[in-house]
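Here is the structure we will look at.
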Amino acid sequence: MAESEFPGWHGTTIIGVRKGGRVVVAGDGQVSLGQTVIKGTAKKVRRLSPGGYDVVAGFAGSTADAFTLLERLEAKLEATPGQLARASVDLAKDWRTDKYLQKLEAMLIVTDGKDLFVITGAGDVLEPEHDIAAIGSGGNFALAAARGLYDHEDDAETIARKAMAIASDICVYTNGNLTVEAIDG
């Protein structure tokens with residue numbers, strides 16, 4: 001089967017919401033191949049603890065690629081303990097310049113409770129303007145919903161859960177089986 005004929009993996013929505021001294025990262029559990037749901041309970045949000053330093057990360061894209069990036073991020077955090085921004089920039093530099101890493105197809109949302117970043121393979125480390133970051137096929141739906149909810153809800157987790165529910169109602173590659181991790185700033 002030619003690459004252009006292969007239906008391709010789709011799916012996921014990851015959102016990070018910072019409010020009230022807390023950051024919540026939530027992700028759905030759906031993995032799709034073309035028009036088929038392969039798995040509905042995947043865990044795409046993880047807590048990392050390199051050297052006792054807590055970080056929550058969520059990923060969209062290829063699972064194997066994302067795990068490779070998470071391992072690299074953990075190594076960067078071990079080399080620069082407590083410096084998520086520096087570790088994220090170092091990872092993005094490697095991702096952009098290393099011929100092996102350039103082929104990886106994933107995006108990450110990472111937080112230590114204080115900082116919240118989106119890391120991309122284009123070398124970007126982006127801090128969201130409105131304390132909300134979202135990636136994946138339903139990311140824009142979740143982002144729009146969370147921005148609309150932000151001024152009307154007091155709790156980051158409530159915002160994330162409601163935004164994910166809205167995204168799962170709209171995006172066929174997103175389901176309501178959530179993994180939610182919270183971290184205080």
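At position 51 of the sequence shown the residue is numbered 51 (full-length UniProt numbering), and the sequence of numbers has no breaks. Don't be surprised by glycine CBs; every beta carbon is placed ideally from N, CA and C.
Problem set entry | Reduced DSSP category for E78 - H, G, I as helix; E, B as strand; rest coil | The count along the sequence shown starts at 1 and reaches residue 78 at position 78. Of the three classes helix, strand and coil, the one that applies to E78 here is helix, per DSSP.
Problem set entry | 7 Å Cβ shell around I135 - same chain, five flanking residues per side excluded | Indexing the sequence shown from 1 puts residue 135 at position 135. I14, A60, M107, I109, V118.
Problem set entry | Identity of the residue in T12, D54, S49 nearest G40 by Cα | For the purposes of this step, residue 40 is taken as the residue at position 40 of the sequence shown. Of T12, D54, S49, the residue nearest in Cα terms is T12.
Exercise. Using the beta-carbon count (16 or more within 10 Å), is E74 buried or exposed?
Worked result: Here the question's residue 74 lines up with position 74 in the sequence shown. With 16 or more other Cβ atoms within 10 Å, it is buried.
For this session: Alpha carbon to alpha carbon, how far is M164 from T174? Give it in angstroms, no decimals.
Result: The residue you call residue 174 lines up with position 174 of the sequence shown. The residue you call residue 164 lines up with position 164 of the sequence shown. Using only the alpha carbons, I get a separation of about 9 Å.
Problem set entry | Cβ-based burial, D112 [other Cβ within 10 Å; buried from 16] | On the sequence shown, position 112 is the one that residue 112 refers to. So D112 counts as buried.
Exercise. Helix or strand or just coil, what does DSSP make of D112?
Worked result: Along the sequence shown, read from residue 1 onward, the residue named residue 112 stands at position 112. Correct three-state label for D112: coil.
For this session: Grab the span of the beta strand (DSSP E) containing E181 for me, first residue to last.
Result: The residue labelled residue 181 in the question sits at position 181 within the sequence shown. Looking at the DSSP string, the run of the beta strand (DSSP E) that includes E181 is 179-184.
For this session: Could you work out which residue in K114, T120, D90 is closest to K103 when comparing CA atoms only?
Result: As a working note, residue 103 is residue 103 in the sequence shown. Selected option, being the one with the closest Cα: T120.
For this session: Say whether the segment 23-37 touches the segment 152-162, bearing in mind that this needs 3 or more beta-carbon pairs closer than 8 Å, one atom from each stretch.
Result: yes
Problem set entry | Beta-carbon gap between A160 and V180 smaller than 8 Å | What you label residue 160 is simply residue 160 of the sequence shown in a count that begins at 1. What you label residue 180 is simply residue 180 of the sequence shown in a count that begins at 1. Yes, these two residues count as a Cβ contact at 8 Å.
Exercise. Do you know how far the Cα of Q35 is from the Cα of L48?
Worked result: For the purposes of this step, residue 48 is identified with residue 48 of the sequence shown, where counting begins at 1. For the purposes of this step, residue 35 is identified with residue 35 of the sequence shown, where counting begins at 1. The alpha-carbon atoms of L48 and Q35 are separated by roughly 32 Å.
For this session: Consult DSSP for residue 187 and reduce its assignment to one of helix, strand or coil.
Result: The chain is shown from 1 up to 185; residue 187 falls before or after that span and cannot be answered.
Problem set entry | K44 - DSSP class collapsed to helix/strand/coil | Position 44 of the sequence shown, counting from 1, holds the residue named residue 44. When DSSP states are grouped into helix, strand and coil, K44 belongs to the coil group.
Exercise. So, are the CB atoms of A145 and G16 less than 8 Å apart?
Worked result: Taking the first residue of the sequence shown as position 1, residue 145 is located at position 145. Taking the first residue of the sequence shown as position 1, residue 16 is located at position 16. No; because the gap between Cβ atoms is not below 8 Å, this pair is not in contact.
Problem set entry | Sequence-distant residues of the same chain with beta carbon closer than 6 Å to A66, five excluded per side | Counted from its first residue, the sequence shown places residue 66 at position 66. Once the five neighbours on either side are set aside, the close Cβ partners of A66 are F59, A106.
Problem set entry | Backbone secondary structure at T13 - three-state DSSP | Mapped onto the sequence shown, residue 13 falls at position 13. It is a strand residue.
Exercise. Which residue's Cα is closest to the Cα of Y150: E129, G138, S137, I170?
Worked result: Numbered from 1 along the sequence shown, position 150 holds the residue referred to as residue 150. Nearest to Y150 by alpha-carbon distance, out of E129, G138, S137, I170, is E129.
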